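Number of protein chains: 4
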Amino acid sequence: MNSIYDAIIVGGGVIGGSIAFQLAKRGKKVLLLEKDRLASKASSAAAGMLGAQAELDADNPLFTLASRSRGMFPALAEELKDISGIDIELVNKGMFKVALSSDQVAELKNMIRVQQGAGLEAEWLSTAEIRKTEPLLSDEIKGAMFIPNDGQVSATRLSLAFTESAAALGVDIKEFVHVSDLVTENGCVTGVVTDIGGFSSENVIVAGGAWSAFLLEKSGIRLDSYPVKGECFSVLTDRPLLEKTIFSHGCYLVPKVGGRIIVGATVKAYTFDQKVSLNGISTLIERATQLLPAIKGTELEKTWAGIRPQTGDGLPYFGEHPACKGLFIATGHYRNGILLSPITGVLIADILERKANPEWSPFRLDRSIQPLFS
Amino acid sequence: MNSIYDAIIVGGGVIGGSIAFQLAKRGKKVLLLEKDRLASKASSAAAGMLGAQAELDADNPLFTLASRSRGMFPALAEELKDISGIDIELVNKGMFKVALSSDQVAELKNMIRVQQGAGLEAEWLSTAEIRKTEPLLSDEIKGAMFIPNDGQVSATRLSLAFTESAAALGVDIKEFVHVSDLVTENGCVTGVVTDIGGFSSENVIVAGGAWSAFLLEKSGIRLDSYPVKGECFSVLTDRPLLEKTIFSHGCYLVPKVGGRIIVGATVKAYTFDQKVSLNGISTLIERATQLLPAIKGTELEKTWAGIRPQTGDGLPYFGEHPACKGLFIATGHYRNGILLSPITGVLIADILERKANPEWSPFRLDRSIQPLFS
Amino acid sequence: MNSIYDAIIVGGGVIGGSIAFQLAKRGKKVLLLEKDRLASKASSAAAGMLGAQAELDADNPLFTLASRSRGMFPALAEELKDISGIDIELVNKGMFKVALSSDQVAELKNMIRVQQGAGLEAEWLSTAEIRKTEPLLSDEIKGAMFIPNDGQVSATRLSLAFTESAAALGVDIKEFVHVSDLVTENGCVTGVVTDIGGFSSENVIVAGGAWSAFLLEKSGIRLDSYPVKGECFSVLTDRPLLEKTIFSHGCYLVPKVGGRIIVGATVKAYTFDQKVSLNGISTLIERATQLLPAIKGTELEKTWAGIRPQTGDGLPYFGEHPACKGLFIATGHYRNGILLSPITGVLIADILERKANPEWSPFRLDRSIQPLFS
Amino acid sequence: MNSIYDAIIVGGGVIGGSIAFQLAKRGKKVLLLEKDRLASKASSAAAGMLGAQAELDADNPLFTLASRSRGMFPALAEELKDISGIDIELVNKGMFKVALSSDQVAELKNMIRVQQGAGLEAEWLSTAEIRKTEPLLSDEIKGAMFIPNDGQVSATRLSLAFTESAAALGVDIKEFVHVSDLVTENGCVTGVVTDIGGFSSENVIVAGGAWSAFLLEKSGIRLDSYPVKGECFSVLTDRPLLEKTIFSHGCYLVPKVGGRIIVGATVKAYTFDQKVSLNGISTLIERATQLLPAIKGTELEKTWAGIRPQTGDGLPYFGEHPACKGLFIATGHYRNGILLSPITGVLIADILERKANPEWSPFRLDRSIQPLFS
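In order, the protein sequence lines correspond to chains A, B, C and D. At position 297 of the first sequence the residue is numbered 297 (the UniProt record's numbering), and the sequence of numbers has no breaks. At position 349 of the second sequence the residue is numbered 349 (the UniProt record's numbering), and the sequence of numbers has no breaks. At position 100 of the third sequence the residue is numbered 100 (the UniProt record's numbering), and the sequence of numbers has no breaks. At position 333 of the fourth sequence the residue is numbered 333 (the UniProt record's numbering), and the sequence of numbers has no breaks.
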């Protein structure tokens, strides 16, 4: 055993980084282990939308959590910039969730009504009104839900800012370390086994995204979770084509600094294959063009894919293993990992400190306990 | 003046490399100057088709030259491998020039008749016959002209093999050298001016592809030539989808080693902009899918663009400047630079040695003399 | 002629971008032409030090200009972030100019005396004092001049922020456009000739860095200027090794966000060759290790080279061509292009508007007029 | 269970590829599973030396095997080229194992005597004699053992040629598949569990290089094996600096096509970290310069690292698991994976077919059985 830590985090993506940052702020001595490079998987593949209202229904248990997490970004951006020097490129210009059919119009108008009822800002804008800020959007658009508070960040910069800030606060970070097993004693975690030796801690937090399942099987737990590939591409524009994020069924366009627009994302379940298919890109180009015809004239910059962790009921898992004290899990964020990363860091730190917090009960690990544990 | 050379070649692409190689074989002391890296522009952007019969009409003056150049490849491949160790990946499995409409069927059948009349091998195959070797081709294909002798090579490897072999035979090669002017005396070339000093030679050969025009303006010559951008992409396949090259109006698919297929190429005239447009790639994907639906399932590997030198009458320029003794030009190969590179090297070496060769008369520089020289 | 502009800028690096930004702010209609991609040469190769006091002697005419330019950065950083969303990563933690020999100690102490006399902040710190902020610096260091106001920025981000902000203010930007000639009438500029046609303007500003000379020769002017290659490398560190920039004779280390340290730079004159030599990197590693032994354990991230424009007397050229009205030049910034970019933009805009400004007189084009014009 | 195979190979590097190729030639239906991309780890990091005589002592059990494997390359190169179109760039110009001290002179002369006694070609050459083919080698070299039969190949091309040829012969290849467990029944393998489902076979071959251990732990076997990082770099030369491979204690230089020289390799045990350290590259540059001073003037092309599988006694493991019928292992090739790949493919195919072959007995898995199995 090399050393003793208050907590060991397995996974160096945006979730592991946020947890490390929060624990370090609370004075914990933390070790973060990553099997590859930091933020090399889904965290750097994300478009960085903070679509709390755009992505989630108001009656989804995740909705409140997502809204609160979204609200944490302005202060977090300053805090991370102060500590790490990294600007996470938070943009708070809002999002248009557009309708391309009368069914979608009805659906969005209903969504607005529900959200307004819950006290949230959202309104319906006609195509003419949208065009005041987005003159290049297509004629096919039949209006949009305008969500002024659904902003966006640079996913890669956010992930890096978390780990850099955590390191600055004393977290030990090791890349290219493979955690091959958990060590337990009398139903309690006591450490991990890795290819560079063992590390001791009474608290191990698994935050490995879609890869969490491989390690968790070692503990006898099989989460109802599976990988979902998402393919994206980016273009570079000579002049700004968009001011706000455009979100539609099956395609989103997120305008970034430097004339870049990120277009995402396909959905292909049950694969860890990170290849970008011709079909995926072709479909995305078609959908993006339907929304913003002028995108055809831009430069294709690059294409990539990420593997997101989805769960059976669509909710993430936050909590302590019911049969293994000190083993914590934070995964299953699917397409909302960037959005949920701030609150996840705080929640897991609270859970680890045994602070009562009813908010995370819908995300308990034992919610599907019968099929879950053998 | 740093040194005295039998010839100075301006341009380190496949044409400059072939000329350097031929001159070195004839015992000449040669200096090759390239403004960037060797083969960094159109030469490495090409798909490497040797489409003498597929690309050219039998009555085109280029046709005979192209056929002879194509015939040089098998011996050249061995020679370059012996000298440089580089395999140019010559494949001689033939090409299908496919018809997608009844007009194209008629056109191709006529083309076959003409080529057979000229003693060339070409035949019409029905879709059922094509499918014996290419079972994955689309139903939309209405038959094809089969050209058994139109092979293909790796364009990048060919270019590199020329310059490596030339270097092995004593050619001096300098990259990142900008030739800013020609030096002349009494209507004769005596050298070049570059950013690293002057170099003396009574023979200067401009083989700069689409960039040749910039230097030639210095000599008072304005070729009827212009750049044409071509965009391409490549995919990687798990299993072979094609055996032979598929050529259609507006799209070709060239199967390479390692499961790679190169798909090309768009045509955009009058630009040196090397950006890959979303529109260009989208169009190519659409056309490729029309020919080979299974390509949709492959992995998009990369996208790129090259700038090819086209001319007013579609014929390249080979020859000595009519008003400037010792200034030779070899450009305007458009989409046939790889195919024509072997014969171009020999032709220019012959011209430089003042060996009579009527073959190149259609490509004389003074063929459009009135508008050409002011 | 395609269009009429108040000014045409040739060169899309940090200098051209700054000029475009300042002219746009003054309401000018500007066209910026770049032969490659924006900021693809020296501007993105720079380490981004703002070494006004570290790089220049107090009696150098450039000193005042450099100090004033350095002082513009805080406000500029905010302005560019507001317009373009791009954070230029300005760090104002100061610089240590270290001494490795007693000669250097004497030299630096003298430099401090002169600068203090000129009212500038600079002080001598012993090695023990330096170690309070930089505990990992080598024993070989014999003290340092501490310059609290010599900060640093991200060179690439600054360049991009200038052009993005310029575009947002209405500047037309075209990449991959080759300006082959100037058009003049009666000794006055009237436009430029490019490969995509001509563009009209009574003001043409050449800001092409080391490449400026090629175009200027067209105007009959030969600046006393030459290219100087500088090679650099960057490393990635697990934990911060440095807080401040370390500057020594022949080597500097600039700590960037994300655990990156940029180490530069070699000096090789009279070449446009952008290759990184083994010798160059080997020398830099040796020098960096002499300053900061712990750097040996870091990860080598990448290596690169840039071509900086140096001049005969070491001063940049700012001004109007004495024999060609409307032709302006801004080049020769050598290693201070990033530092001088803010003031250069303002100066050139002033000169173009014929505002009297004696500050730029030492940088007049005609200062070496006899040898300059033939 | 998705399908039934004669054999499942876990690992898509040069070893897995060679085994797949040999089994396919024997008519087996094979599935090859790779957790990342094919040949993405040590197989593409190797310099491709075939140093049977240079790397191994004549009394090493591996020596005979290595010599036989080396002898298979000429025929294999043709066979792979015929099937896959890929030239593996086999060069048979021999190797100089150089001495830099009088101790090394004595050691090499002894090595020659032993090898000659075993009927192998090897001779001592003085520095003057070496210089006839390698005029640029350093004065510090005190002579060399010349090994005419130790050639070299392109490691990446060999790996790819194996898998492409295997695919052409019907092997199913799946990338990005994580094998999480073995399935056994009554002490016999019946298949594997992966993230994309299970696959059935009575024969599972683990050929995962340094990563093999992670899977093997599942079978209750702990091989005496560990990862060893090796860092390399490559340079590009304008003219050939070397004809033959130069091998010394701690550094080798392998001249490749296209003017490339690969310089390797550092040795750092017990890490899967694939980062290239500044220290590693600095050390290699120093050693390479000591052998070939002219290398200082070349262009640094790139740097990389690979993770090689070493074993406790330095011998690879070939064989069937003693307690698990149908589980075969082929790992531990350390720095000789490329050299040994041809014979490993044949050996494992023989073992799987239960063909008696005493040659592999020194490489049995149970050679260190007491500590090995718990």
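No residue lacks a Cβ here, since even glycine has one placed at the ideal position from N, Cα and C. Being a predicted model, the structure only gives us computed values, none of them experimental.
- Where L33 of chain D is concerned, the enclosing beta strand (DSSP E) starts and stops at 30-33.
- Just so you know, the alpha carbons of G117 of chain B and A305 of chain A end up roughly 53 Å apart.
- When DSSP states are grouped into helix, strand and coil, T163 of chain A belongs to the helix group.
- As DSSP reads the structure, R260 of chain A sits in a beta bridge with A:L236.
- Comparing C-alpha distances from G170 of chain B to each of D:S159, D:E34, D:S44, D:R239 shows the shortest one belongs to D:R239.
- The secondary-structure analysis by DSSP pairs I329 of chain A across a beta bridge with A:V206, A:G319.
- In the assembly as shown, S67 of chain D is a buried residue. Its beta-carbon has 16 or more other beta-carbons within 10 Å.
- Separation of the CB atoms of K41 of chain A and G209 of chain A is rounded to 6 Å, and the pair is thereby assigned contact status at 8 Å.
- Where V346 of chain B is concerned, the enclosing alpha helix (DSSP H) starts and stops at 337-352.
- Within chain B, E299 have C-beta atoms less than 7 Å from the C-beta of K275 of chain A, given in sequence order.
- Chain B has a Cβ within less than 8 Å of the Cβ of D195 of chain C.
- K229 of chain B is bridged by DSSP to B:K268, B:I307.
- In this structure, H178 of chain A lies near K35 of chain A, with their beta-carbon atoms less than 8 Å apart.
- V204 of chain D has its alpha-carbon roughly 5 Å from the corresponding atom of L327 of chain D.
- At least one beta carbon of chain D lies nearer than 8 Å to the beta carbon of Y270 of chain A.
- Taking A46 of chain D as the centre and dropping the five residues before and after it, the same chain places the C-beta of A155, G306, G337, I338 closer than 7 Å to its C-beta, in chain order.
- Residue contact check for H321 of chain A against chain D: no CB pair falls below 8 Å.
- Within the segment 166-178 of chain B, E175, F176, V177, H178 place their CB atoms closer than 8 Å to a CB of chain C, listed in sequence order.
- For Q53 of chain D and M72 of chain D, the gap between their C-alpha atoms comes out near 15 Å.
- Cβ contact annotation for K218 of chain B (same chain, cutoff 6 Å, sequence separation greater than five): D181, L182, in chain order.
- With fewer than 16 other CB atoms across the displayed protein chains lying within 10 angstroms of its CB, I4 of chain D is exposed.
- For E217 of chain C, the neighbours in chain B by C-beta distance under 9 Å run, in chain order, S180, D181.
- By the criterion of a C-beta distance shorter than 8 Å, W124 of chain C is surrounded in its chain by L108, K109, I112, G143, A144, M145, F146, once the five residues flanking it on both sides are discounted.
- The continuous stretches of alpha helix (DSSP H) do not include P148 of chain C, and DSSP gives it neither H nor E.
- Contact between L32 of chain B and G12 of chain B holds, with the beta-carbon distance rounding to 6 Å and staying under 8 Å.
- Chain B has a Cβ within less than 8 Å of the Cβ of F214 of chain C.
- Annotated three-state conformation of D57 of chain D is coil, per DSSP.
- Here K132 of chain A is exposed, its C-beta having fewer than 16 other C-beta atoms within 10 Å.
- Judged by DSSP in its simplified three-state form, S67 of chain A adopts helix.
- With contact defined as three or more Cβ pairs closer than 8 Å, the segment 244-258 of chain B and the segment 91-102 of chain B are in contact.
- Here E286 of chain B carries a helix assignment [DSSP, helix/strand/coil].
- Residues of the segment 278-299 of chain C with a C-beta less than 7 Å from any C-beta of chain D: L278, N279, I281, S282, I285, I295, K296, G297, T298, E299, listed in chain order.
- Excluding its 5 nearest sequence neighbours in each direction, T271 of chain A has C-beta neighbours in its own chain below 7 Å: P227, K229, listed in chain order.
- Residues T190, C324 of the same chain have their beta carbon placed closer than 7 Å to that of T184 of chain B, with the five preceding and five following residues left out of the count.
- Taking all protein chains in view, the Cβ of P135 of chain B is surrounded by fewer than 16 other Cβ atoms within 10 Å, so the residue is classified as exposed.
- Looking only at B:P362, B:T298, B:G345, B:D87, the smallest Cα-Cα distance to V257 of chain D is reached by B:D87.
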